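Student: The working numbering runs 6 ahead of the 1-based position in the sequence shown. Yeah, the Cβ is synthetic: ideal placement off N, Cα and C, and Gly gets one too. None of the values given here were measured: they were computed from a predicted structure.
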Amino acid sequence: MKCFECSCRGATIATVIAAALCLALPVLSKEEEFMPNQPDAIPTFLIIGTAKGGTTDLFGQLTAGPVNFDPDRPDPPFPHKSNKELAYLSRTGIDGIKMLPQKQQYMEYLELLGHPCGNAMRGSIFRECFTANATKLFTLDATPTYSFSAVVPLYLRELSGSSKVIMMIREPVERAESLFRHYVVTGTRWSDKHIDDLAIDFFKAINADKGLETALQQAANCSYGDVVCLANSWRDICGFTLMESQENKLFAAGLYNYALAVWRYHYFKPGRVLVMDSHAFFDRRMDAMEKVIRFMYGRPMLPSEQKLAEGVFHHKSTLKSPKMILSPPVRQKLSEFYEQHVIRGLFQTLMDMRDEGAWMFGFNGEPWRACPGFEEFNAAGKSKL
Ligand SMILES: *[C@@H]1O[C@H](CO)[C@@H](O)[C@H](O)[C@H]1NC(C)=O
Ligand SMILES: *[C@@H]1O[C@H](CO)[C@@H](O)[C@H](O)[C@H]1NC(C)=O
């Protein structure tokens, strides 16, 4: 048993108490339970975000040739060419009716996922194909825009009740800076902007709209455990034009606490969601992948998977010009904003989700130590890693 691995050693009174807690734990909290993957889970797995939280990296760890086509792999592989960032479910024009099994958009999504029945004809041929072939491949959709969508969990629930979901969470200020840098460095946008300008405009946009300001205040007023209140608040916030600009999304997409409530309320199922601390994923890749593999496949890592995880080092970006770094006063304002809307309730959310059967990885080191609920979350120690 690995709980309190460090504090259970030694001989002080505190460790004796910790050891006693160690023994009591299996009674207090259930273990993370592996759930079998269902043939009608479309896709089998989703990595829903957050952008710059390690989603691309994780996608690579799961689909790279040496692990995907390892002859020792006991699980179905992913399609030969898995597409990252399909973002199909968050496209405009997605229609609930067309998303029903065998309808046009459902089939289109299957095809994009590389599902073995993606180009099967309608009716009995589709059913036959499904019976014969659906379990021959796993499918994976890794799209960082799903995490903050107020409608994707609803579409997904309609088309697939038992997909497994991985959500990665990175400290929101750092995430915003990293994503800004990503866009600038890749030449996608904002080459002539300072990140401060975008942040200042974001706050201006909030202040300019009384309705939006009230909606945010209502969200902040929800009690931490009130999923319905949090989810409805996020739905309301997403209705404002704020979320229509990439500039504002850079910051608004970091409001995990509200966005996750929508997923919790409409989609998450016990044993079918893993919440991953991006920082721990970057720093402790082997432990992280061990957890991911157990969550997804219910088995230990294969040597090929270990080898792939070993070879990864997270490079902190050195390509930083002053315009990519928040100035102290703007950083302060943004930190306070996230403090109010995310950090204050984050660990309560994680604890509640864990009680609801979500798997967890990390959240037991920096940058989280000062967060309210950190000690409590980690004292309960259900997460083994
Ligand atoms: C199952 O897939 C194979 C190709 O992988 C195909 O030849 C076969 O027709 C499919 N079965 C059905 C019932 O569609
Ligand atoms: C939020 O709570 C504060 C303090 O209880 C209250 O004064 C305020 O009216 C509430 N705002 C909204 C929008 O619910």
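(1) Given residue 73, which residues of its chain have a CB within under 6 angstroms of its CB, disregarding the five upstream and five downstream residues?
(2) Quick one: measure Cβ to Cβ for residue 225 and residue 264, integer angstroms, because I've assumed they're closer than 8 angstroms.
(3) Would you kindly report the start and end of the unbroken beta strand (DSSP E) that includes residue 364?
(4) Nearest-angstrom Cα distance between residue 67 and residue 326?
(5) Is the region 107-122 touching the region 206-218 in the sense that three or more CB pairs, one from each, lie closer than 8 angstroms?
(6) Just verifying my parser: in three-state terms, what is the DSSP assignment at residue 55?
(7) Under 8 angstroms: do the region 277-286 and the region 356-367 share three or more Cβ pairs, one atom per stretch?
(8) Going by other Cβ atoms of all chains shown within 10 Å of its Cβ, with 16 needed for buried, is residue 111 buried or exposed?
(9) Say the cut is 8 angstroms; is the CB of residue 67 nearer than that to a heavy atom of ligand 2?
(10) Distance, Cα to Cα, residue 328 vs residue 156?
(11) Would you say the beta carbon of residue 227 is closer than 8 angstroms to some non-hydrogen atom of ligand 3?
(12) Using a Cβ-Cβ cut-off of 7 angstroms (strictly less than) and excluding sequence neighbours within five positions of residue 378, which residues of its own chain qualify?
(13) Rounded to whole angstroms, what is the Cα-Cα separation between residue 179 and residue 257?
(14) How do the region 208-220 and the region 245-260 stand: do at least 3 beta-carbon pairs fall below 8 angstroms, yes or no?
(15) For residue 270, count neighbouring Cβ atoms within 10 angstroms of its own Cβ and tell me buried if that reaches 16, exposed if not.
(16) Pick helix, strand or coil for residue 4, following the three-state DSSP scheme.
(17) Would you tell me roughly how many angstroms separate the C-alpha atoms of residue 308 and residue 293, rounded to the nearest one?
(18) Report the option in 290, 152, 184 and 194 whose CA atom is closest to the CA atom of residue 201.
(19) According to DSSP, is residue 46 part of a helix, a strand, or is it coil?
(20) Please state the DSSP three-state secondary structure of residue 27.
(21) Where does residue 375 land, buried or exposed, given buried means 16+ other C-beta within 10 angstroms?
(22) Taking 8 angstroms as the cut-off, is the CB of residue 122 close to at least one heavy atom of ligand 1?
(23) Does the distance from the C-beta atom of residue 148 to that of residue 64 stay below 9 angstroms?
(24) Do you know offhand how far residue 27's Cα is from residue 300's?
(25) So is the beta-carbon of residue 192 under 8 angstroms away from any non-hydrogen atom of ligand 1?
Tutor: This is what the structure holds:
(1) 310, 311 and 314
(2) 5 angstroms
(3) No beta strand (DSSP E) holds residue 364; DSSP gives it neither H nor E.
(4) 27 angstroms
(5) no
(6) strand
(7) yes
(8) buried
(9) no
(10) 34 angstroms
(11) As far as ligands go, the structure on display features ligand 1 and ligand 2 and does not contain ligand 3.
(12) 350 and 353
(13) 8 angstroms
(14) yes
(15) buried
(16) With the chain covering 7 to 391 only, the question about residue 4 has no answer from this structure.
(17) 13 angstroms
(18) 184
(19) coil
(20) With a pLDDT of 48 at residue 27, under the threshold of 50, the modelled position of this residue cannot be trusted, and the question is left open.
(21) exposed
(22) yes
(23) yes
(24) A caution first: residue 27 carries a pLDDT of 48, below 50, which makes its placement in the model too unreliable to give a value.
(25) no
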